Amino acid sequence: MAIGIGGKSMEQALAGLSDMTAGVRPIQTVEYRQRMDKACGLMQQQNIDAMLINAGTNLHYFCGVDWYVSERLVAALLFASGELYYLLPHFELGTLKPLFQVPGEILTWQEHDNPYALCMDKLCQHSGKGATLILDDSAPYFIADGLGACSSEVTLRSARSVIGPCRSHKSASEITLIQRAMDMTMAVHQAAASVLFEGISCKEVENFIHQAHKQVGASGSYFCIVLFGADTAFPHGVKQPSPLKLNDMVLIDTGCRLHGYLSDITRSYVFGQASDRQRQVWQWEKQAQQLAFEAARPGAPCQNADRAVRAFLTSQGLGPDYQLPGVPHRTGHGIGLDIHEGPYLVEGETQPLAPGMCFSNEPMLVMPGEFGVRLEDHFYITEQGPRWFTSPAYSLDDPFGLAAP
1 MAIGIGGKSM EQALAGLSDM TAGVRPIQTV EYRQRMDKAC GLMQQQNIDA MLINAGTNLH
61 YFCGVDWYVS ERLVAALLFA SGELYYLLPH FELGTLKPLF QVPGEILTWQ EHDNPYALCM
121 DKLCQHSGKG ATLILDDSAP YFIADGLGAC SSEVTLRSAR SVIGPCRSHK SASEITLIQR
181 AMDMTMAVHQ AAASVLFEGI SCKEVENFIH QAHKQVGASG SYFCIVLFGA DTAFPHGVKQ
241 PSPLKLNDMV LIDTGCRLHG YLSDITRSYV FGQASDRQRQ VWQWEKQAQQ LAFEAARPGA
301 PCQNADRAVR AFLTSQGLGP DYQLPGVPHR TGHGIGLDIH EGPYLVEGET QPLAPGMCFS
361 NEPMLVMPGE FGVRLEDHFY ITEQGPRWFT SPAYSLDDPF GLAAP
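In terms of our numbering, the sequence shown has 166 at position 166, counting the first letter as 1, and numbering is strictly consecutive.
In structure tokens:
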């Protein structure tokens with residue numbers, strides 16, 4: 001049995017965990033203002049009059065408002081000149097007003113009103129009937145449709161060219177929050193590995209991981225995938241997962257949220273004695289992950305990391321491209337307030353890597369009908385190069401490096 005796998009009861013493992021959130025604080029008001037200032041500068045450069053920021057992570061990012069997307073419009077209207085308006089249902093005023101981290105004028109609407117007309121009236125009053133309004137890509141189509149129906153003269157465009165440059169470059173405080181969330185999930189991973197036993201179900205492990213995330217200070221798991229044996233060949237799981245058997249490959253992918261920012265780590269290891277085949281594939285995966293990391297140099301296009309992975313695997317007789325056995329998906333994704341954010345480490349993504357960008361590194365290897373291996377850690381770009389948030393898996397015999405020198 002590999003070091004750190006099995007041997008503890010769930011009670012013992014939970015008792016070994018404690019709150020890890022001390023010393024970190026949420027994003028402060030001054031940073032929300034800085035984000036808005038950057039967005040306003042980008043809008044001015046692009047001759048854009050205003051941006052409508054819908055409920056969801058974009059509203060959280062710019063205004064600190066953690067609110068869900070629904071059929072009722074809750075949004076911020078930010079003008080390039082800096083004026084800020086909040087649009088919301090009147091009956092939600094008492095709930096939403098305390099959430100606003102940045103002061104702005106509040107415009108409310110009653111249930112029989114047209115909130116899109118309210119938005120367009122304010123836009124045209126401020127910037128004229130021929131104004132240009134950008135809308136964040138995460139907004140449902142009915143919002144764009146509603147806005148367009150209220151004015152044929154306003155130009156409606158995507159806000160990607162403004163929101164992307166803001167959110168893709170994380171600040172020091174954002175990186176600190178992501179780092180702590182990753183540390184919390186890594187501690188949970190080690191605890192989860194220690195409670196495995198033959199016959200345990202995936203649901204039992206998922207429930208333990210949820211409780212373990214609570215033990216380290218999160219509200220629980222943001223998500224959790226637990227797979228054993230041949231099921232590990234399916235990146236996001238199967239309908240009826242199998243219980244753990246001796247010598248199975250184990251794949252656990254989980255994360256938590258801390259002050260809005262997410263962690264996401266995957267570990268693969270063998271419960272029992274690893275076969276030569278399992279060792280070979282695991283080692284290929286580790287090498288592919290390292291090559292992607294080394295290719296992620298400041299100024300290089302994002303696609304270089306994915307290309308490095310596929311070139312190596314092709315040299316080993318795997319692939320090519322997305323063919324199996326090989327890697328069925330992109331090498332990595334951005335992370336922050338969303339579990340998957342742009343830009344992505346994938347062929348065709350030519351955006352240059354720049355300081356502050358954060359990525360997953362997970363070139364999962366799938367052997368159809370046998371098993372899959374996914375080692376997922378994240379890194380962020382600095383002026384000197386990429387830096388890991390968490391140390392990659394040490395070895396198949398010691399996945400967490402518990403006996404490493």
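Note that the Cβ used here is the ideal one computed from N, Cα and C, for glycine as well. These numbers were taken from a predicted model, which means no experiment stands behind them.
How close, in whole Å, do the beta carbons of His333 and Glu341 come, if the pair is a contact with beta carbons under 8 Å?
Numbered from its first residue, the sequence shown carries residue 333 at position 333. Numbered from its first residue, the sequence shown carries residue 341 at position 341. At roughly 7 Å, the Cβ-Cβ gap stays under 8 Å, so His333 and Glu341 are in contact.
Beta-carbon contacts of Ala354 that lie in its chain and below 7 Å, excluding the five residues immediately before and after:
Looking up residue 354 in the sequence shown gives position 354. So the qualifying residues of the chain are His169, Pro298, Ile381.
CA nearest to the CA of Arg33, picked from Ala15, Gln101, Ala13:
Position 33 of the sequence shown, counted from the first residue, corresponds to residue 33. Ranking Ala15, Gln101, Ala13 by Cα distance to Arg33 puts Gln101 first.
Run through DSSP, which three-state label would Ser360 get?
Residue numbering aside, residue 360 sits at position 360 when the sequence shown is read from its first letter. Residue state, collapsed to three classes: strand.
Burial state of Phe91 (16 or more Cβ within 10 Å)
On the sequence shown, residue 91 is found 91 positions in, with the first residue counted as 1. It is exposed - the Cβ of Phe91 has fewer than 16 other Cβ atoms within 10 Å.
Per the contact definition of three or more C-beta pairs closer than 8 Å, is the region 210-225 in contact with the region 252-272?
yes
For Ala403 versus Ile3, is the C-beta distance shorter than 7 Å?
As a position in the sequence shown, residue 403 is number 403, starting the count at 1. As a position in the sequence shown, residue 3 is number 3, starting the count at 1. Contact: yes.
Could you please give me the residues that DSSP links to Arg257 through a beta bridge?
Counting from one through the sequence shown, the residue named residue 257 turns up at place 257. Answer is Leu262.
If distances are taken between C-alpha atoms only, which option among Pro405, Gln273, Arg267 comes closest to Met364?
Counting from one through the sequence shown, the residue named residue 364 turns up at place 364. Cα-wise, what sits closest to Met364 is Arg267.
Would the region 21-32 count as touching the region 288-302 if we require 3 or more Cβ pairs under 8 Å?
no
Does the count of Cβ pairs from the region 6-14 and the region 161-177 closer than 8 Å reach three?
no
Can you name, in chain order, every residue of its own chain whose Cβ lies under 6 Å from the Cβ of Gly356, other than the five neighbours on each side?
As a working mapping, residue 356 is identified with position 356 in the sequence shown. If the five residues before and after Gly356 are omitted, its C-beta is found closer than 6 Å to the C-beta atoms of His169, Lys170, all from its own chain and listed in chain order.
Quick check: what's the CA-CA separation for Lys203 versus Leu227?
Counted from its first residue, the sequence shown places residue 203 at position 203. Counted from its first residue, the sequence shown places residue 227 at position 227. Distance between the alpha carbons of Lys203 and Leu227 is about 10 Å.
Alpha carbon to alpha carbon, how far is Gln287 from Arg157?
The count along the sequence shown starts at 1 and reaches residue 287 at position 287. The count along the sequence shown starts at 1 and reaches residue 157 at position 157. Rounded to the nearest angstrom, the two C-alpha atoms are 42 Å apart.
Alpha carbon to alpha carbon, how far is Arg25 from Trp67? Give it in angstroms, no decimals.
In the sequence shown, the residue the question calls residue 67 occupies position 67. In the sequence shown, the residue the question calls residue 25 occupies position 25. So the alpha carbons of these two residues sit roughly 20 Å apart.
The alpha helix (DSSP H) enclosing Asn54, as first and last residue numbers
Translated into positions along the sequence shown, residue 54 becomes position 54. Run containing Asn54: none in the alpha helix (DSSP H); it sits in the beta strand (DSSP E), 50-54.
Determine the direct distance from the alpha carbon of Pro343 to that of Thr155, and round the result to whole angstroms.
Taking the first residue of the sequence shown as position 1, residue 155 is located at position 155. Taking the first residue of the sequence shown as position 1, residue 343 is located at position 343. Roughly 26 Å separates the two Cα atoms.
Ala117 versus Leu147: straight-line alpha-carbon distance, rounded
Mapped onto the sequence shown, residue 117 falls at position 117. Mapped onto the sequence shown, residue 147 falls at position 147. Computed Cα separation, rounded: 7 Å.
Please classify Trp388: is it buried, with 16 or more other beta-carbons within 10 angstroms of its beta-carbon, or exposed?
Within the sequence shown, the letter at position 388 stands for residue 388. Burial call: exposed.
DSSP puts Tyr493 in a beta bridge; with which residues?
A query on residue 493 cannot be resolved here, the shown segment of the chain reaching from 1 to 405 and no further.
Would Ala75 and Ile106 qualify as a contact pair, given that the criterion is a beta-carbon distance under 7 Å?
Locating residue 75 in the sequence shown gives position 75, where the first residue counts as 1. Locating residue 106 in the sequence shown gives position 106, where the first residue counts as 1. Their beta carbons are not under 7 Å apart, which means Ala75 does not touch Ile106 by this criterion.
Express the C-alpha separation of Pro89 and Glu111 in angstroms, rounding to a whole number.
For the purposes of this step, residue 111 is identified with residue 111 of the sequence shown, where counting begins at 1. For the purposes of this step, residue 89 is identified with residue 89 of the sequence shown, where counting begins at 1. If I take the Cα positions, the gap works out to 7 Å.
By the 10 Å Cβ neighbour count, where 16 or more other Cβ atoms means buried, how is Ser81 classified, buried or exposed?
Here residue 81 is taken as the residue at index 81 of the sequence shown, counted from 1. Classification for Ser81: exposed.
Which first and last residues belong to the alpha helix (DSSP H) in which Val188 is found?
Translated into positions along the sequence shown, residue 188 becomes position 188. Segment 172-194, the alpha helix (DSSP H) holding Val188.
Determine the direct distance from the alpha carbon of Val195 to that of Gly7, and round the result to whole angstroms.
Indexing the sequence shown from 1 puts residue 7 at position 7. Indexing the sequence shown from 1 puts residue 195 at position 195. Between Gly7 and Val195, the alpha-carbon positions lie close to 6 Å from each other.
Report buried or exposed for Pro399, applying the criterion of at least 16 other Cβ atoms within 10 angstroms of its Cβ.
Numbered from its first residue, the sequence shown carries residue 399 at position 399. So Pro399 ends up on the buried side.
Classify Phe371 as helix, strand or coil using the three-state DSSP reduction.
One-based indexing of the sequence shown puts residue 371 at position 371. Note: Phe371 maps to strand in three-state DSSP.
Note the first and the last residue of the continuous beta strand (DSSP E) segment covering Ile430.
Since the first residue shown for the chain is 1 and the last is 405, residue 430 is missing from the structure and cannot be characterised.
For His189, count neighbouring Cβ atoms within 10 angstroms of its own Cβ and tell me buried if that reaches 16, exposed if not.
Within the sequence shown, residue 189 is the residue found at index 189, counting from 1. With 16 or more other Cβ atoms within 10 Å, it is buried.
Tell me where the alpha helix (DSSP H) around Val162 begins and ends.
As a working mapping, residue 162 is identified with position 162 in the sequence shown. Run containing Val162: 160-167, per the alpha helix (DSSP H) assignment.
Classify Val238 as buried or exposed, calling it buried when 16 or more other Cβ atoms lie within 10 Å of its own Cβ.
Start at 1 with the first residue of the sequence shown, and residue 238 comes out as number 238. Classification of Val238: exposed, given that the 10 Å Cβ count is below 16.
On the criterion of 16 or more Cβ atoms from any shown chain inside 10 Å, does Tyr141 qualify as buried, or is it exposed?
Indexing the sequence shown from 1 puts residue 141 at position 141. It counts as exposed.
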